[in-house]
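Novice: Line by line, the protein sequences are chains E and C.
The numbering of the first sequence is UniProt numbering, which starts it at 1 and goes up by one.
The numbering of the second sequence is UniProt numbering, which starts it at 1 and goes up by one.
Mind looking over this structure? Questions follow.
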Amino acid sequence: MGSEEQHEQWPARLHVVTGKGGTGKTTVAAALALALARGGRRTLLVEVEGRQGIAQLFGTDPLPYEERRIATTPDGGEVRALAVDPEEALLEYLDMFYRLGAAGRALRKLGAIDFATTIAPGLRDVLLTGKVKEATTRSVNGRRAYHAVVLDAPPTGRIGRFLNVTTETARLAKVGPIKSQSEGVAALLRSPMTAVHVVTLLEEMPVQESADAIGELTALGIGIGKVIVNGARPPLLASRGRVTKQELKRGLAAAGLPADAGSVAALQAEAQAHLTRRELEESLRTELAELGRPMIELPQLADGVDAAALRTLADRLAGRG
Amino acid sequence: MPTATARLDVDALLADPSIRIVVCCGAGGVGKTTTAAALGVRAAERHGRRTVVLTIDPARRLAQSLGLTELDNTPRQVKGIDTDSSGGELHAMMLDMKRTFDEVVQAHTDPARAQEIFANPFYQAMSSTFSGTQEYMAMEKLGQLRSRDEWDLIVVDTPPSRSALDFLDAPARLSRFLDGRMLRLLMAPARAGGRSMFNLVTASFGVFSRVVQKVIGAQLLTDLSGFVAALDSMFGGFRQRAERTYQVLQDRETAFLLVAAPEPDAVREAQYFAERLVAERMPLAGLVLNRVHSTTLDLDAAASLAAADALDAAGDQAVTADALRVHAALVRQTEREAQVAQRFTAAFPAVPTVPVTAQPADIHDVDGLRTIGDALAA
Numbered sequence: 001m002g003s004e005e006q007h008e009q010w011p012a013r014l015h016v017v018t019g020k021g022g023t024g025k026t027t028v029a030a031a032l033a034l035a036l037a038r039g040g041r042r043t044l045l046v047e048v049e050g051r052q053g054i055a056q057l058f059g060t061d062p063l064p065y066e067e068r069r070i071a072t073t074p075d076g077g078e079v080r081a082l083a084v085d086p087e088e089a090l091l092e093y094l095d096m097f098y099r100l101g102a103a104g105r106a107l108r109k110l111g112a113i114d115f116a117t118t119i120a121p122g123l124r125d126v127l128l129t130g131k132v133k134e135a136t137t138r139s140v141n142g143r144r145a146y147h148a149v150v151l152d153a154p155p156t157g158r159i160g161r162f163l164n165v166t167t168e169t170a171r172l173a174k175v176g177p178i179k180s181q182s183e184g185v186a187a188l189l190r191s192p193m194t195a196v197h198v199v200t201l202l203e204e205m206p207v208q209e210s211a212d213a214i215g216e217l218t219a220l221g222i223g224i225g226k227v228i229v230n231g232a233r234p235p236l237l238a239s240r241g242r243v244t245k246q247e248l249k250r251g252l253a254a255a256g257l258p259a260d261a262g263s264v265a266a267l268q269a270e271a272q273a274h275l276t277r278r279e280l281e282e283s284l285r286t287e288l289a290e291l292g293r294p295m296i297e298l299p300q301l302a303d304g305v306d307a308a309a310l311r312t313l314a315d316r317l318a319g320r321g
Numbered sequence: 001m002p003t004a005t006a007r008l009d010v011d012a013l014l015a016d017p018s019i020r021i022v023v024c025c026g027a028g029g030v031g032k033t034t035t036a037a038a039l040g041v042r043a044a045e046r047h048g049r050r051t052v053v054l055t056i057d058p059a060r061r062l063a064q065s066l067g068l069t070e071l072d073n074t075p076r077q078v079k080g081i082d083t084d085s086s087g088g089e090l091h092a093m094m095l096d097m098k099r100t101f102d103e104v105v106q107a108h109t110d111p112a113r114a115q116e117i118f119a120n121p122f123y124q125a126m127s128s129t130f131s132g133t134q135e136y137m138a139m140e141k142l143g144q145l146r147s148r149d150e151w152d153l154i155v156v157d158t159p160p161s162r163s164a165l166d167f168l169d170a171p172a173r174l175s176r177f178l179d180g181r182m183l184r185l186l187m188a189p190a191r192a193g194g195r196s197m198f199n200l201v202t203a204s205f206g207v208f209s210r211v212v213q214k215v216i217g218a219q220l221l222t223d224l225s226g227f228v229a230a231l232d233s234m235f236g237g238f239r240q241r242a243e244r245t246y247q248v249l250q251d252r253e254t255a256f257l258l259v260a261a262p263e264p265d266a267v268r269e270a271q272y273f274a275e276r277l278v279a280e281r282m283p284l285a286g287l288v289l290n291r292v293h294s295t296t297l298d299l300d301a302a303a304s305l306a307a308a309d310a311l312d313a314a315g316d317q318a319v320t321a322d323a324l325r326v327h328a329a330l331v332r333q334t335e336r337e338a339q340v341a342q343r344f345t346a347a348f349p350a351v352p353t354v355p356v357t358a359q360p361a362d363i364h365d366v367d368g369l370r371t372i373g374d375a376l377a378a
């Protein structure tokens with residue numbers, strides 16, 4: 001195990017990664033878990049939506065409800081992964097507090113688990129976040145089991161409700177262990193140990209939803225970490241407002257490429273579309289900056305996400321490269 | 001784009017009077033709502049159909065473009081569209097999950113009982129946050145819209161679910177929930193005249209009640225029991241309607257359109273959905289592949305980058321060098337997209353497909369929706 005000190009740029013211990021669907025939050029969560037594992041540390045990457053997104057990303061078999069090593073860093077760091085299943089979490093929880101044994105299995109047979117998590121969705125979220133809390137605060141032989149826990153959380157549209165566990169369950173459970181469980185989770189989520197990072201693309205809807213989610217979480221007293229811009233493109237044709245056919249014609253000729261009217265027009269159209277896009281991206285970048293949170297940009301991956309690409313993203317998140 | 005599969009004929013679909021429902025489904029963030037709205041505009045303007053678009057959670061500016069400034073759960077006519085020559089109409093509505101649920105309750109019980117149900121904390125939790133409520137309520141609303149027989153065409157934008165499949169699973173889950181042994185156990189005291197459920201002595205129930213009492217406490221159990229009894233009195237009708245709506249979805253009057261972006265996750269989701277639709281004998285009309293990139297310049301990425309580097313080395317054609325890099329990135333993207341799309345067409349060669357070219361800026365007005373409509377029907 002490495003040192004107990006937190007990462008300078010990522011001081012939290014529980015990193016909740018959200019973002020609109022399609023922004024690549026699973027990829028970013030995985031890269032962050034990898035970045036924080038550097039220096040011989042151990043991190044846990046958790047998913048809670050039953051999508052098996054982590055397994056797909058790493059090209060492994062579906063993850064069981066069990067913490068498994070999924071990646072290592074060259075300097076002895078290790079990322080473990082866990083897919084939390086609400087049913088299993090409830091059984092584990094009941095077993096921990098009530099030593100149910102066979103009765104727990106009977107409950108499952110009766111459909112009690114399905115029922116309980118269906119009728120009280122807040123309960124389901126308390127169980128999921130409760131498991132995340134347990135892993136975040138677990139210690140083994142007096143040392144923290146994980147240097148950091150990274151949660152691949154529900155998307156921006158559902159994140160406020162998901163993290164606002166106390167309100168949901170307080171309406172239902174006024175006393176008892178569920179109430180204390182949810183209060184414990186709420187305290188962790190509202191402490192400096194937790195940061196919610198919002199992943200976005202430089203596109204209108206993800207940016208809008210990021211702003212909405214940050215507003216919602218702030219109102220709930222949950223701390224926002226960074227805004228992570230995924231899929232950022234290199235600033236080609238910087239400082240250009242227009243690209244003329246004449247200059248392209250000269251350039252293509254100089255490069256020894258066909259410089260006929262059709263080729264020039266096609267290249268110009270592509271360059272102009274790029275500029276239009278860039279202008280929009282620039283204004284969205286400004287909107288994001290106005291949210292007042294630290295921003296990190298991750299490059300668009302030319303060849304999809306593989307192990308090397310994840311390392312590139314982890315480098316960027318770790319403040320290198 | 002791979003050309004092995006048939007091209008989806010969107011105009012033929014929208015013009016066909018026997019098609020009454022078009023369901024747009026797919027992963028989150030692929031442009032479902034925009035596609036649904038664009039189909040609605042085209043059906044009304046070009047095909048003269050009295051159309052209603054049922055959206056679940058549209059982006060603010062898109063909602064505004066359709067005149068949906070508030071969530072009021074009733075169809076509103078969309079202004080600013082041109083239906084003079086076609087005689088069609090376009091209406092749009094945003095689903096209000098809680099209000100739809102309230103309406104169901106009111107329709108199935110007397111006012112006093114309804115108030116009791118509304119006050120129950122479990123109802124409050126379930127009607128606003130029940131995982132799946134949005135899907136049930138979308139089904140419920142679809143059933144209502146259809147039964148009124150007021151519309152030539154209903155275009156449905158499915159909820160941004162955990163999984164696109166939730167929409168299909170909603171009625172079955174509701175049935176499982178209502179038929180479940182748990183619910184019957186909880187209902188037993190209410191049926192037995194309101195005595196405490198703990199008076200019942202069956203072996204399994206003994207285990208259950210001890211645990212439940214320990215875990216959730218007695219007050220909670222009373223609330224739960226009351227809620228479950230209320231559900232029992234009204235949900236029979238709801239379930240029947242949900243099942244009927246499910247059958248409507250299997251009928252030839254319905255067309256499912258899968259919407260995907262050419263990205264691995266979205267295409268994987270579309271594949272799961274296609275498998276399910278086939279398995280459930282639901283009419284899958286085709287795949288809309290949104291935000292596809294294309295290029296008309298015949299120059300591959302490697303040659304383009306090599307030329308850009310050579311120009312930079314020579315030092316005086318920086319603009320062309322950058323333009324060539326933009327082109328190279330575009331070529332790579334089209335290649336990647338084609339590969340991803342190929343996974344779907346290889347698995348479902350019989351499903352017709354239409355690509356929609358990526359727009360440089362987001363869509364938030366009716367003109368933009370027309371452009372998408374043109375691309376869909378091109």
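Glycine included, every Cβ here is placed at the ideal spot set by N, Cα and C.
None of these values were measured; they are calculated from a predicted model.
Within 8 Å (strictly less), CB to CB, does residue 330 of chain E reach chain C?
Specialist: In the structure as shown, chain E starts at 1 and stops at 321, and residue 330 of chain E therefore has no counterpart that could be examined.
Novice: Go ahead and pull the three-state DSSP assignment for C:G41.
Specialist: Contrary to the premise, residue 41 of chain C reads as Val rather than Gly in this sequence. It is helical.
Novice: Return helix, strand or coil for C:D248, following the three-state DSSP convention.
Specialist: First, the amino acid is wrong: residue 248 of chain C is Val here, not Asp. DSSP places C:V248 in helix when its eight states are reduced to three.
Novice: Assuming E:P299 is part of the beta strand (DSSP E), what are its boundary residues?
Specialist: Counting along the chain, the beta strand (DSSP E) containing E:P299 begins and ends at M295 to P299.
Novice: Applying the criterion that 16 or more other CB atoms from any shown protein chain within 10 Å of the CB defines a buried residue, is E:E209 buried or exposed?
Specialist: With 16 or more Cβ atoms within 10 Å of its Cβ, E:E209 is classed as buried.
Novice: Is C:E263 close to chain E, meaning its C-beta is less than 8 Å from at least one C-beta of that chain?
Specialist: C:E263 counts as touching chain E.
Novice: Taking C-beta to C-beta, are E:A148 and E:H15 nearer than 8 Å?
Specialist: The answer is yes: Cβ separation under 8 Å.
Novice: Measuring alpha carbon to alpha carbon, tell me which of E:R138, E:L44 and E:H197 ends up nearest E:I159.
Specialist: For the residues E:R138, E:L44 and E:H197, the minimum Cα distance to E:I159 belongs to E:H197.
Novice: Helix, strand or coil, according to DSSP, for C:T69 in the structure here?
Specialist: Three-state DSSP puts C:T69 in coil, outside helix and strand.
Novice: Please confirm whether E:P192 has its beta-carbon closer than 8 Å to some beta-carbon of chain C.
Specialist: So no, E:P192 is outside the interface.
Novice: What three-state label does DSSP hand C:V267 in the structure shown?
Specialist: Helix, per DSSP.
Novice: Measuring only the C-alpha atoms, how far is C:E116 from C:V156?
Specialist: Roughly 33 Å separates the two Cα atoms.
Novice: Going by C-alpha distance, which of E:V17, E:G130 and E:T43 is nearest E:I214?
Specialist: Cα-wise, what sits closest to E:I214 is E:V17.
Novice: Give a yes or no on whether the minimum CB-CB distance between E:T276 and chain C is below 8 Å.
Specialist: True, the Cβ-Cβ gap to chain C drops below 8 Å.
Novice: For chain C, check one thing: does any of its Cβ atoms lie closer than 8 Å to the Cβ of E:R250?
Specialist: Yes, E:R250 counts as interfacial toward chain C.
Novice: Going by the beta-carbon positions, is the gap between C:V319 and E:G251 smaller than 8 Å?
Specialist: Yes. Within cutoff.
Novice: Mind reading off the beta-carbon distance from E:V185 to E:G223? Whole number of angstroms is fine, and I expect it under 8 Å.
Specialist: 15 Å between Cβ atoms; not a contact.
Novice: Cβ of C:R343 less than 8 Å from any chain E Cβ?
Specialist: Not one chain E Cβ lies under 8 Å of C:R343.
Novice: Excluding the 5 residues flanking E:A135 on each side, which residues of the same chain have their C-beta closer than 8 Å to its C-beta?
Specialist: The answer, listed in chain order, is L44, V46, E67, L82, A145, Y146 and V149.
Novice: Taking a cut of 8 Å between CB atoms, which residues from the stretch 197-227 of chain E lie near chain C?
Specialist: Within the stretch 197-227 of chain E, the qualifying residues are E203, E204, M205, P206 and Q208.
Novice: So what does DSSP say about C:L287, is it helix, strand or coil?
Specialist: The answer is strand: DSSP assigns C:L287 an E or B state.
Novice: So, is the C-beta of C:V201 closer than 8 Å to a C-beta in chain E?
Specialist: Since pLDDT at C:V201 reaches only 36, below the 50 mark, its modelled position is unreliable, and the value read off the structure follows with that caveat. It does not: the Cβ of C:V201 has no partner Cβ on chain E nearer than 8 Å.
Novice: Near E:S139, what residues of its chain come up, given a Cβ to Cβ distance below 8 Å and the 5 sequence neighbours on each side ignored?
Specialist: A145, listed in sequence order.
Novice: Kindly identify the DSSP beta-bridge partner or partners of E:L151.
Specialist: DSSP output for E:L151 lists E:V16 and E:V46 as bridge partner(s).
Novice: Just reading off the alpha helix (DSSP H) that C:M97 is part of, what are its end residues?
Specialist: M97 to H108 is the span of the alpha helix (DSSP H), which, as asked, contains C:M97.
Novice: Starting from E:H197, trace the beta strand (DSSP E) in both directions and tell me its first and last residue.
Specialist: Its beta strand (DSSP E) spans residues T194 to T200.
Novice: Assess contact between the stretch 239-255 of chain C and the stretch 270-288 of chain C, defined as three or more Cβ pairs (one per stretch) separated by less than 8 Å. Is contact present?
Specialist: Contact holds: three or more Cβ-Cβ distances are below 8 Å.
Novice: Does the Cβ of E:P154 have 16 or more other Cβ atoms within 10 Å, making it buried, or fewer, making it exposed?
Specialist: Label assigned to E:P154: buried.
Novice: Under 8 Å, Cβ to Cβ, is there at least one residue of chain E near C:P159?
Specialist: Chain E contact via Cβ: absent.
Novice: Do the stretch 87-105 of chain C and the stretch 137-152 of chain C touch if we need at least three Cβ pairs shorter than 8 Å?
Specialist: Verdict: yes, contact present.
Novice: By the three-class DSSP mapping on this structure, what secondary structure does C:L200 have?
Specialist: In this predicted model, C:L200 has a pLDDT of only 37, less than 50, meaning its place in the structure is not dependable; the value taken from the coordinates is given anyway. If DSSP states are grouped into helix, strand and coil, C:L200 belongs with coil.
Novice: Run down chain E in chain order and give the residues with a C-beta less than 7 Å from the C-beta of C:H327.
Specialist: Correct list: L267 and E270.
Novice: Just checking: is the beta-carbon of C:A27 within a distance shorter than 8 Å of some beta-carbon in chain E?
Specialist: Answer yes: the Cβ-Cβ gap between C:A27 and chain E drops below 8 Å somewhere.
Novice: To the nearest angstrom, how far is it from the Cα of C:D312 to the Cα of C:D9?
Specialist: C-alpha separation (whole angstroms): 46 Å.
Novice: May I ask you to list the residues that DSSP assigns as paired with C:S127?
Specialist: C:S127 is not bridged to any residue.
Novice: Between which residues of its own chain and E:E78 is the CB-CB distance below 7 Å, once the five residues before and five after are set aside?
Specialist: Around E:E78: A37, R42, R69 and T72.
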